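Participant:
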Amino acid sequence: MKKVRLPPPAWNRRRFCGSVLSVISTVFFVTPTSRHKLELSELEAINLDKEYVIVSGWVLTRQDVGS
Amino acid sequence: MIFDFNEASSRISNVKYDVCVCGTGPAGITTARKLALRGKKVLLVEGGGLEYSDQSQDIYDGKNVGRLYWGIQAFRLRYFGGTSNHWSGRCGVLDAIDFEPREYFGLPGWPISREQVMHGLAEAQDIVDIGGKDLSPFDDPEFQTSLFRQSGFALSPPTRFSKKYDAEIRRSDKIDFFYNANLVDLRLTDDLSRVRGLLVKNYNGDIVEVSAKRFVLALGAIETARILLNANSQMAAGVGNNSGMVGRCFMEHLNVPIGRFIVTAPEFWQNAVALVPTTEFMVKNNIGNGILSFGPNANPVSYGRLRVLKQFLRETGCTLPALVEIARKVVSFDCPGDGLITSLIEQTPNPDSRVGLSNELDKLGLRRVQLNWQINDRDKRTIRVLAIEAAKEMARLNRARIKLAPFIIDPNLEMEVDVHAHQMGTTRMSNDPRYGVVNENCQVHGVENLYLIGSSVFSTGGGTNPTLTIVLLAIRLAEFLGSQT
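Residue numbers (this note's numbering), protein chains in the order written: chain A, 922 to 988; chain B, 0 to 484.
(1) Just list the residues that DSSP pairs residue 200 of chain B with in beta bridges.
(2) I want to verify the contact list: residues of chain B whose CB lies under 9 Å from the CB of residue 986 of chain A, in sequence order.
(3) Using the C-alpha atoms, what's the distance from residue 442 of chain B back to residue 450 of chain B?
(4) Is the segment 215–227 of chain B close to the segment 19–36 of chain B, with three or more CB pairs under 8 Å?
(5) How is the alpha helix (DSSP H) around residue 17 of chain B delimited, first residue to last?
(6) For residue 391 of chain B, would you say it is in contact with chain A, using Cβ-to-Cβ distances shorter than 8 Å as the test?
(7) For chain A, is any of its Cβ atoms less than 8 Å away from the one on residue 379 of chain B?
(8) Tell me the residue span of the beta strand (DSSP E) that contains residue 100 of chain B.
(9) Could you pull out every unbroken alpha helix (DSSP H) segment of at least 4 residues lying fully inside the segment 401–463 of chain B, listed in chain order?
(10) Given a cut-off of 8 Å on the beta-carbon distance, is the pair residue 113 of chain B and residue 152 of chain B in contact?
(11) Which residues of chain A have a Cβ atom closer than 9 Å to the Cβ of residue 283 of chain B, listed in chain order?
(12) Going along chain A in order, which residues have a C-beta closer than 9 Å to the C-beta of residue 403 of chain B?
(13) Under a CB-based cut-off of 8 Å, is residue 433 of chain B close to chain A?
(14) Is the Cβ of residue 121 of chain B closer than 8 Å to any Cβ of chain A?
(15) Put residue 50 of chain B into one of helix, strand or coil per three-state DSSP.
(16) In its own chain, which residues sit with a C-beta less than 6 Å from the C-beta of residue 395 of chain B, not counting the 5 before and 5 after it?
(17) For residue 395 of chain B, go through chain A and note every residue whose CB falls closer than 7 Å to its CB, in chain order.
(18) Using a beta-carbon distance below 8 Å, is residue 400 of chain B in contact with chain A?
(19) Taking the Cβ atom as the reference point for each residue, do residue 370 of chain B and residue 63 of chain B lie within a distance shorter than 8 Å?
(20) Assuming residue 56 of chain B contacts residue 77 of chain B under a Cβ cut-off of 8 Å, what Cβ separation, rounded to an integer in Å, is found between them?
(21) May I ask you to report which of helix, strand or coil DSSP gives residue 119 of chain B?
(22) What's the gap between the Cα of residue 186 of chain B and the Cα of residue 363 of chain B?
(23) Alpha carbons only, please: which of B:332, B:80 and B:322 is nearest the one belonging to residue 310 of chain B?
(24) Please state if the CB of residue 244 of chain B and the CB of residue 427 of chain B are separated by a distance shorter than 8 Å.
(25) How would you label residue 376 of chain B, buried or exposed, when you count the other beta carbons within 10 angstroms and need 16 or more for buried?
(26) Could you check the C-alpha separation between residue 454 of chain B and residue 977 of chain A for me, to the nearest Å?
(27) Taking the Cβ atom as the reference point for each residue, do residue 437 of chain B and residue 456 of chain B lie within a distance shorter than 8 Å?
(28) In three-state terms, what does DSSP make of residue 5 of chain B?
(29) Taking the alpha helix (DSSP H) that residue 227 of chain B falls in, what are its first and last residues?
(30) Residue 486 of chain B by DSSP, collapsed to three states: which one?
(31) Going by alpha carbons, who is nearest to residue 46 of chain B out of B:295, B:313, B:464 and B:201?
(32) Determine the DSSP secondary structure at residue 300 of chain B, reduced to helix, strand or coil.
(33) Could you tell me which residues DSSP pairs with residue 356 of chain B in its beta bridges?
(34) Tell me where the beta strand (DSSP E) around residue 272 of chain B begins and ends.
(35) Using a Cβ-Cβ cut-off of 6 Å (strictly less than) and excluding sequence neighbours within five positions of residue 104 of chain B, which residues of its own chain qualify?
As structure tokens, this is what we get:
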């Protein structure tokens, strides 16, 4: 089977913006490690007890989050 | 009367003193003044000068081998007036629970009652210029909770002890005050039961042995322990250290950035809010004492090189919470109505947290301090329980919503713990020599005419700033020594 070499991707505005956002997210959200950990913890919702939850670090009543 | 020991070292040994007091911070000056007013002839010695000098301050330098502690030298001042020269002035009184035995602390607490300390309160408040102020915690009708009360405190101007009492000491015929007079050793009698004299050295290298009926060291929690440990010419482990407790149980008040908050009931936040846990709450949860201070900021202002950027983000982004969260990944800034929660948390007495000696010598020939400051799981538990329960109460009462710092939520993260420059506990008070260095009268166990005063004798740190308690204890010691013949 003959290998076909694909043409390089078109360098359009959409790809440019995507690349820039990728660099920014790498710098600010992945490194350093502490920032990465912060992001992970903020994604979690934690049940404190039957009346309170922690969402993105905020201590909220269940009424606050509508549950 | 006041003398420069660099020039008048020979005068110090020609007088029979009732009491020799070393150190001129709040504890030393209060003790000396009170004794003089009771007619005692007092020798007051200070290692530093009348003003700050690098020459004296360098003696406070030392080595840190424990948790990060940047204030071994910077938190203390070694000249007339001592650390009161940069005191911020916040005054509070210890709670009743602070004097109760708390088995979960692991070591016995104070051997004296709160009443025994507090009887001098009016006088102590006058000394630090907060006369008549009510310092008791109180129940805030706007904050109905059984878990917390509002902290009671008052702000001293703050009192600079050297400035306030300079004239009184100079004209007193009962106080001989020598500055540039460095305590370098304690000489005991042959049976080791009493102090015979103190060796005092000036910056020219002259050493004089001074005698008195009784001796009081009021040098602060680090320096008092360092001097006792260095005094090992007759007792290998140092004076007062038969049970190995000198230097142990070094405590701080923990300064932890609990988190930030947004106000949901602005009318509640007209005055400062500082919460302290109730006794029942502490005992039920086996935690220490503390203060959570809420500082709402109506008009935040930024400083530094990024102030323009912060101001721009504040003006453009604060109305859009989602944008704020993203922008704060880049630079930290406050929005109007936001606030930070700071804390002052009691640390449990921990024998592994200690002041020792390094192998490096200072210019007086004494081994410098080596600090191994530690906190333990009990301290971390106190921080987490106080923070989470306060956040829940603020949400329940709809006063605010609190965003806790990640390390409060996740115990696997390293906790960010700074300090309040409140050094305590290295010669703690206990009537059982196994657990302390001084007895209830501040007398060193086994050395009948040697007394220690200041924050070094604190058995526990409590949940308030220590200076007023230091003055209260000094009043109590002076009354005791004043009654002795």
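Every residue, glycine too, gets a C-beta built ideally from N, C-alpha and C.
Note that this is a predicted model, so its numbers are computed, not measured.
Facilitator: Taking the definition as stated:
(1) Against the second sequence, residue 200 of chain B aligns to sequence position 201. DSSP output for residue 200 of chain B lists B:181 and B:206 as bridge partner(s).
(2) Position 65 of the first sequence, counting from 1, holds the residue named residue 986 of chain A. Within 9 Å Cβ-Cβ: nothing; residue 986 of chain A doesn't reach chain B, min ~11 Å.
(3) Within the second sequence, residue 450 of chain B is the residue found at index 451, counting from 1. Within the second sequence, residue 442 of chain B is the residue found at index 443, counting from 1. Cα-Cα distance, rounded: 4 Å.
(4) yes
(5) Along the second sequence, one-based indexing puts residue 17 of chain B at 18. Per DSSP, residue 17 of chain B belongs to no alpha helix (DSSP H); it is in the beta strand (DSSP E), 16–21.
(6) In the second sequence, residue 391 of chain B corresponds to position 392, counting from 1. Residue 391 of chain B counts as touching chain A.
(7) Position 380 of the second sequence, counting from 1, holds the residue named residue 379 of chain B. Not one chain A Cβ lies under 8 Å of residue 379 of chain B.
(8) What you label residue 100 of chain B is simply residue 101 of the second sequence in a count that begins at 1. Run containing residue 100 of chain B: none; DSSP gives neither H nor E here.
(9) 405–408
(10) Translated into the one-based positions of the second sequence, residue 113 of chain B becomes position 114. Translated into the one-based positions of the second sequence, residue 152 of chain B becomes position 153. The answer is no: Cβ separation not under 8 Å.
(11) Within the second sequence, the letter at position 284 stands for residue 283 of chain B. Those within 9 Å of residue 283 of chain B in chain A number zero; the least Cβ separation is about 15 Å.
(12) For the purposes of this step, residue 403 of chain B is identified with residue 404 of the second sequence, where counting begins at 1. The answer, in chain order, is 975, 978, 979 and 980.
(13) As a first step, residue 433 of chain B is located in the second sequence; it is residue number 434 there, counting from the start. Taking Cβ atoms only, chain A never reaches closer than 8 Å to residue 433 of chain B, which makes this a no.
(14) Taking the first residue of the second sequence as 1, we reach residue 121 of chain B at position 122. With 8 Å as the cut-off, residue 121 of chain B does not count as an interface residue toward chain A.
(15) The residue given as residue 50 of chain B occupies position 51 in the second sequence. If DSSP states are grouped into helix, strand and coil, residue 50 of chain B belongs with coil.
(16) Counting from 1 along the second sequence, the entry for residue 395 of chain B is found at position 396. Here the set comprises nothing.
(17) Position 396 of the second sequence, counted from the start, is the residue given in the question as residue 395 of chain B. What residue 395 of chain B touches in chain A: 982.
(18) Your numbering for residue 400 of chain B matches position 401 in the second sequence. Judged by the 8 Å Cβ criterion, residue 400 of chain B is in contact with chain A.
(19) Along the second sequence, one-based indexing puts residue 370 of chain B at 371. Along the second sequence, one-based indexing puts residue 63 of chain B at 64. Going by C-beta atoms, residue 370 of chain B is nearer than 8 Å to residue 63 of chain B.
(20) On the second sequence, position 57 is the one that residue 56 of chain B refers to. On the second sequence, position 78 is the one that residue 77 of chain B refers to. With a Cβ gap of about 5 Å, residue 56 of chain B and residue 77 of chain B count as contacting.
(21) By one-based count along the second sequence, residue 119 of chain B stands at place 120. Residue 119 of chain B falls in the coil class under three-state DSSP.
(22) Here residue 186 of chain B corresponds to residue number 187 of the second sequence, with the count starting at 1. Here residue 363 of chain B corresponds to residue number 364 of the second sequence, with the count starting at 1. Cα to Cα, the separation comes out at about 17 Å.
(23) Your numbering for residue 310 of chain B matches position 311 in the second sequence. Looking at the Cα atoms, B:332 is the closest of the given residues.
(24) As a position in the second sequence, residue 427 of chain B is number 428, starting the count at 1. As a position in the second sequence, residue 244 of chain B is number 245, starting the count at 1. Yes.
(25) One-based indexing of the second sequence puts residue 376 of chain B at position 377. Label assigned to residue 376 of chain B: exposed.
(26) Taking the second sequence and counting its residues from 1, the one referred to as residue 454 of chain B is at position 455. Taking the first sequence and counting its residues from 1, the one referred to as residue 977 of chain A is at position 56. Taking the straight line joining both Cα atoms gives about 41 Å.
(27) Counted from its first residue, the second sequence places residue 437 of chain B at position 438. Counted from its first residue, the second sequence places residue 456 of chain B at position 457. Yes, the pair counts as a contact, with Cβ atoms nearer than the cut-off.
(28) What you label residue 5 of chain B is simply residue 6 of the second sequence in a count that begins at 1. In the structure shown, residue 5 of chain B sits in coil (DSSP, three-state: anything other than H, G, I, E or B).
(29) Translated into the one-based positions of the second sequence, residue 227 of chain B becomes position 228. 220–229 is the extent of the alpha helix (DSSP H) around residue 227 of chain B.
(30) It is not possible to answer for residue 486 of chain B, since the shown part of chain B is limited to 0 through 484.
(31) Your numbering for residue 46 of chain B matches position 47 in the second sequence. When only C-alpha atoms are compared, the closest one is B:201.
(32) Start at 1 with the first residue of the second sequence, and residue 300 of chain B comes out as number 301. Coil.
(33) For this step, residue 356 of chain B is matched to residue 357 along the second sequence. Beta-bridge pairing links residue 356 of chain B to B:368.
(34) Position 273 of the second sequence holds residue 272 of chain B. Where residue 272 of chain B is concerned, the enclosing beta strand (DSSP E) stretches over 272–276.
(35) Locating residue 104 of chain B in the second sequence gives position 105, where the first residue counts as 1. For residue 104 of chain B, where only same-chain residues beyond five positions count, the Cβ hits under 6 Å are 347.
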